[in-house]
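Residue numbers (this note's numbering), protein chains in the order written: chain X, 101 to 403; chain R, 372 to 803.
From the three backbone atoms N, C-alpha and C, an ideal C-beta is built for every residue, glycine too.
None of the values given here were measured: they were computed from a predicted structure.
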């Protein structure tokens, strides 16, 4: 067969095709999938991929927000608008409610990243979700670099890194017993830069805090935290108004902004391409705790 | 370390393609150093990662910054100083995005190597110039050929420690080339390097004027992978049927899937297996609108002109070019379960393309010694990491091709029916 065309596929198209394949596999093989949606850029990209995977039908599963109660208002507004546009069913699992009912206890430092896990697991049990789409990427963190696309969890939601199923070709093994579940990471092979290129290519709207804006911030160990109801100035600290943007969006009490004048998607791409610090290292207080902080959290059932 | 030489260009990045490669080896070969070097030279190692690795190295008492700690992410790996699992790493140059499946090299990790190689376009094998080929290098070359990875690169590392002696390079290259010839090996490139000093990695080194080939990175960026895809045999495993329950879209019935091979176009005559019914492609849809053709690895939705009963696990192909509809399968199987061996009479779930069935092991023809390639026909079982030729019978037909012709429709996994673990990986030799 003479080849007149190269039949070339760009890396973004190849990544998109892989993610869509994974989402369709889940829909075909599981009873009750759910997509974890935080309003962060990765879950927003994942939602777009779900839209594309099942078009012209609607996204055939609900989305779930594990709400720490420490939110950026821009992100909540975005979440509700997006869910309404797509006609999705939104499940909110509230950490505040779990604290109020005694399921979890507020930590002395007031951070809520770690106590999200029991809330997530309780919601999985309540709604009997058997597959949970997460937006985690392998380039984010070294424990994640070893996790499978289909990550098996036992009835306690735990990840056992030494007992993972080999994943060959595009044959994903989602079999599980009742009560067990699979975390599915369709963006496993995407990098932060890929995500931004895709946002540009697809013209995906993001919460405004991803782009440069002026904000009152306080500097703590080299990170810039917004001064708001969750982060108050301590004795001796002073705040200042700086031009910043958020590189990741997590719990508002623990997510720092970066100094930036990137106010468009193209400028963000240039910034991300040139940066010398990983996104979690630049913005997440919680990952700095220890070498194996993420692995330990995942063993407990974290995302 | 020397200065970084390449900068991923943000604007060009949107048009680059994707190359997946697998590396196998141990710290002794300098594999981690090589990967660290590739990441460093393409500005993929971040300052906070490097700092963390430096701190961790110092606290372990390492004399140098141990780049293996970049990829060894699990607590057990860091404590024991070994790589247990496949780690995926990413880097990009202006021409290509690369996904590295980094796998440990020892024989007890054969299953990890097989896993990493299953999706690879290229395999990279390292040897120490001072030691030459060892058992492990031959085993890696064999697994590369078994998994039909189309391109193989042998990096002869630590050339600085043999004074860049051309005779050393020639001897190892000759020996490897003649070994590879026996393997029905793919496209082979042999590069003399020093991963530690960065020679022949990102650019050609002046230390090896006698070497006329490309630097490693140049080769990775330019190796021609487009023609590795099978564009001849149309194979479209149906993944999921899209039928919107909506008032705005009515009577839509589309077959969603990823093109395994071949080129599909609207108007093409197609046959659907296992029914054998024929129809024509009415349209090929994506969320961005219909497309004029679909080829691997595109994920699309195919609509046909006739209403025929099609469900997940069926295969759309061409009437004059179809896979076997087969319940008797002969395959090479790599066994991956540490809890129980593969035995004749064993029953498993088999997953092949989008089709799942049950299967029974009818016979074990031989077990292959992956180091000597000796066939042991008296073997009664396959243990963890062992490879053998096996006969299977399935409860329903598989729509299968030979693995050597089609990696997607020729590969399968076996799943234990009680533990649900993935226990075996198979490559079809014959299906009927």
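Note the first and the last residue of the continuous beta strand (DSSP E) segment covering residue i.
{"i": "residue 794 of chain R", "result": "793-802"}
{"i": "residue 127 of chain X", "result": "Unbroken run through residue 127 of chain X is the alpha helix (DSSP H), 111-129; no beta strand (DSSP E)."}
{"i": "residue 722 of chain R", "result": "718-723"}
{"i": "residue 672 of chain R", "result": "670-675"}
{"i": "residue 61 of chain X", "result": "It is not possible to answer for residue 61 of chain X, since the shown part of chain X is limited to 101 through 403."}
{"i": "residue 196 of chain X", "result": "Segment 195-201 is the alpha helix (DSSP H) holding residue 196 of chain X; no beta strand (DSSP E) there."}
{"i": "residue 133 of chain X", "result": "133-136"}
{"i": "residue 330 of chain X", "result": "Where residue 330 of chain X is concerned, there is no enclosing beta strand (DSSP E), given that its DSSP letter is neither H nor E."}
{"i": "residue 642 of chain R", "result": "640-644"}
{"i": "residue 648 of chain R", "result": "648-656"}
{"i": "residue 626 of chain R", "result": "625-629"}
Exposed or buried, which one is residue i when buried takes at least 16 other CB atoms within 10 Å?
{"i": "residue 790 of chain R", "result": "exposed"}
{"i": "residue 122 of chain X", "result": "buried"}
{"i": "residue 799 of chain R", "result": "buried"}
{"i": "residue 792 of chain R", "result": "buried"}
{"i": "residue 622 of chain R", "result": "exposed"}
{"i": "residue 445 of chain R", "result": "buried"}
{"i": "residue 475 of chain R", "result": "buried"}
{"i": "residue 417 of chain X", "result": "Because chain X in this structure spans residues 101 to 403, residue 417 of chain X falls outside the shown range and cannot be described."}
{"i": "residue 802 of chain R", "result": "buried"}
{"i": "residue 751 of chain R", "result": "exposed"}
{"i": "residue 333 of chain X", "result": "exposed"}
{"i": "residue 133 of chain X", "result": "buried"}
{"i": "residue 581 of chain R", "result": "exposed"}
{"i": "residue 260 of chain X", "result": "exposed"}
{"i": "residue 479 of chain R", "result": "exposed"}
{"i": "residue 502 of chain R", "result": "exposed"}
{"i": "residue 379 of chain R", "result": "At residue 379 of chain R the pLDDT is 44, less than 50, meaning the model places this residue with poor confidence; the figure from the coordinates comes in the next sentence. The residue in question, residue 379 of chain R, is buried, as its Cβ has 16 or more Cβ neighbours within 10 Å."}
{"i": "residue 511 of chain R", "result": "buried"}
{"i": "residue 641 of chain R", "result": "buried"}
{"i": "residue 294 of chain X", "result": "buried"}
Tell me which residue opens and which closes the alpha helix (DSSP H) that residue i is part of.
{"i": "residue 786 of chain R", "result": "That residue, residue 786 of chain R, is in no alpha helix (DSSP H); its beta strand (DSSP E) goes 782-786."}
{"i": "residue 604 of chain R", "result": "Per DSSP, residue 604 of chain R belongs to no alpha helix (DSSP H) and is neither H nor E."}
{"i": "residue 298 of chain X", "result": "292-302"}
{"i": "residue 592 of chain R", "result": "587-593"}
{"i": "residue 167 of chain X", "result": "Unbroken run through residue 167 of chain X is the beta strand (DSSP E), 163-167; no alpha helix (DSSP H)."}
{"i": "residue 185 of chain X", "result": "173-186"}
{"i": "residue 773 of chain R", "result": "No alpha helix (DSSP H) contains residue 773 of chain R, which DSSP labels as neither H nor E."}
{"i": "residue 686 of chain R", "result": "Taken as a continuous stretch (DSSP letters only), residue 686 of chain R belongs to no alpha helix (DSSP H), being part of the beta strand (DSSP E) at 686-688."}
{"i": "residue 143 of chain X", "result": "141-154"}
{"i": "residue 806 of chain R", "result": "It is not possible to answer for residue 806 of chain R, since the shown part of chain R is limited to 372 through 803."}
{"i": "residue 221 of chain X", "result": "216-227"}
{"i": "residue 736 of chain R", "result": "That residue, residue 736 of chain R, is in no alpha helix (DSSP H); its beta strand (DSSP E) goes 726-739."}
query = Within the chosen definition, does the stretch 661-670 of chain R reach the stretch 626-633 of chain R through at least 3 CB pairs nearer than 8 Å?
reply = In short, these stretches touch, since the Cβ pair count reaches three.
Along the chain, which unbroken stretches of the alpha helix (DSSP H) at least 4 residues long are found entirely within the stretch 409-492 of chain R? Secondary structure remark: continuous alpha helix (DSSP H) runs of at least 4 residues inside the stretch 409-492 of chain R, in chain order: 418-431, 439-442, 446-451, 481-489.
| field | Cβ pair count under 8 Å reaching 3, the stretch 242-260 of chain X against the stretch 193-201 of chain X | value | Here the stretch 242-260 of chain X does not lie against the stretch 193-201 of chain X, with fewer than 3 beta-carbon pairs under 8 Å apart.
Q. Are the stretch 674-690 of chain R and the stretch 647-666 of chain R touching by the rule of at least three beta carbon pairs closer than 8 Å?
A. Touching, yes, given that three or more Cβ pairs across the two stretches are closer than 8 Å.
Item to complete: Would you mind listing the alpha helix (DSSP H) stretches within the stretch 359-401 of chain X that are 4+ residues and don't spill past its ends, in chain order?
Response: Taking only runs of at least 4 residues, the alpha helix (DSSP H) segments lying wholly in the stretch 359-401 of chain X are 365-374, 379-383, 393-399.
query: Is there contact here, the stretch 679-689 of chain R with the stretch 742-750 of chain R, by at least three beta-carbon pairs under 8 Å?
result: As far as the Cβ criterion goes, the stretch 679-689 of chain R does not touch the stretch 742-750 of chain R, which means the pair count is below three.
Quick one, which residues of the stretch 458-482 of chain R are near chain X if we go by CB-CB under 8 Å, in chain order?
The stretch 458-482 of chain R vs chain X, Cβ under 8 Å: 458, 459, 460, 461, 463, 467, 468, 470, 482.
Check your understanding: How about the stretch 590-606 of chain R and the stretch 685-698 of chain R: do they share at least three Cβ pairs that are nearer than 8 Å?
Key -> Touching, per the Cβ criterion.
Against chain R, which members of the stretch 230-246 of chain X pass a CB distance test of less than 7 Å? Under the 7 Å Cβ criterion, the stretch 230-246 of chain X contributes 238, 239, 242, 243, 245, 246.
What are the complete beta strand (DSSP E) segments, minimum 3 residues, inside the stretch 498-570 of chain R? With a minimum length of 3 residues, the continuous beta strand (DSSP E) runs that stay inside the stretch 498-570 of chain R are 522-528, 558-563.
Between the stretch 459-479 of chain R and the stretch 389-405 of chain R, can you find at least three pairs of beta-carbon atoms closer than 8 Å? Result yes; three or more Cβ-Cβ pairs closer than 8 Å.
Got a sec: which bits of the stretch 712-739 of chain R sit with their beta carbon under 9 Å from any beta carbon on chain X, in order along the chain?
Residues 720, 722, 723, 724, 725, 727.
- [ ] Specify whether the stretch 369-378 of chain X and the stretch 217-233 of chain X touch according to this definition: at least 3 beta carbon pairs, one from each stretch, less than 8 Å apart.
- [x] No: fewer than three Cβ pairs fall under 8 Å.
Query - Residues of the stretch 784-797 of chain R whose Cβ lies closer than 7 Å to any Cβ of chain X, in chain order - result: Within the stretch 784-797 of chain R, 784, 786, 791, 792, 793, 796 place their CB atoms closer than 7 Å to a CB of chain X, listed in sequence order.
Can you list, in chain order, the residues of the stretch 152-185 of chain X whose Cβ is nearer than 8 Å to any Cβ on chain R? Listed in chain order, the positions of the stretch 152-185 of chain X with a beta carbon within less than 8 Å of a beta carbon of chain R are 152, 153, 154, 155, 156, 157, 158.
Could you run through the stretch 652-663 of chain R and flag, in chain order, every residue whose CB is less than 9 Å away from some CB of chain X?
Of all residues in the stretch 652-663 of chain R, 656, 657, 658, 659 have a Cβ within less than 9 Å of some Cβ in chain X.
Contacting positions in the stretch 375-386 of chain X - beta carbon closer than 8 Å to chain R: Hits within the stretch, in order: 375, 376, 377, 378, 381, 382.
request  = Would you list, in chain order, the members of the stretch 118-129 of chain X that have their beta-carbon closer than 8 Å to a beta-carbon of chain R?
outcome  = Those residues of the stretch 118-129 of chain X that come within reach of chain R (Cβ to Cβ, closer than 8 Å) are 118, 120, 121, 124, 125, 127, 128.
(message) With a threshold of 8 Å, are at least 3 pairs of Cβ atoms found where one atom belongs to the stretch 147-160 of chain X and the other to the stretch 321-331 of chain X?
(response) By the Cβ test, the stretch 147-160 of chain X is not in contact with the stretch 321-331 of chain X, since fewer than three Cβ pairs between them sit closer than 8 Å.
Notebook entry, point to check: Given a limit of 7 Å on CB to CB distance, which residues of the stretch 670-686 of chain R reach chain X?
Noted result: Cβ contacts with chain X: 670, 683.
Selection of the stretch 343-362 of chain X by Cβ proximity to chain R, strictly under 8 Å = Under the 8 Å Cβ criterion, the stretch 343-362 of chain X contributes no residue.
- Query: Is the stretch 412-430 of chain R in contact with the stretch 512-523 of chain R, if contact means three or more CB pairs nearer than 8 Å?
  - Reply: No, the stretch 412-430 of chain R does not touch the stretch 512-523 of chain R.
Under 8 Å, with one C-beta from each stretch per pair, do the stretch 173-186 of chain X and the stretch 197-211 of chain X reach the 3-pair mark?
Verdict: no, contact absent.
So if I threshold CB-CB distances at 7 Å, which residues from the stretch 579-592 of chain R count as touching chain X?
Per Cβ criterion, the list is empty.
Checklist entry - Should the stretch 300-319 of chain X be regarded as contacting the stretch 335-352 of chain X, the criterion being three or more beta carbon pairs within less than 8 Å? => result When Cβ pairs closer than 8 Å are counted between the two stretches, the stretch 300-319 of chain X is seen to touch the stretch 335-352 of chain X, the count reaching three or more.
Under 8 Å, CB to CB, which of the residues in the stretch 601-615 of chain R have a partner in chain X? Within the stretch 601-615 of chain R, the residues whose Cβ lies closer than 8 Å to some Cβ of chain X are 602, 603, 610, 611, 613, 614, 615, listed in chain order.
Practice prompt. Note down, in chain order, all residues in the stretch 767-782 of chain R with a beta-carbon under 8 Å from any beta-carbon belonging to chain X.
Written response: Contact annotation: in the stretch 767-782 of chain R, residues whose CB is within less than 8 Å of a CB in chain X are 778, 779, 782.
Cβ contact (3+ pairs, closer than 8 Å) linking the stretch 577-595 of chain R and the stretch 611-618 of chain R
Because the criterion of three Cβ pairs below 8 Å is not met, the stretch 577-595 of chain R and the stretch 611-618 of chain R do not touch.
Item to complete: Pair every Cβ in the stretch 516-530 of chain R with every Cβ in the stretch 481-501 of chain R, then say whether three or more of these pairs are closer than 8 Å.
Response: The stretch 516-530 of chain R, when compared against the stretch 481-501 of chain R, does touch it at the 8 Å Cβ threshold.
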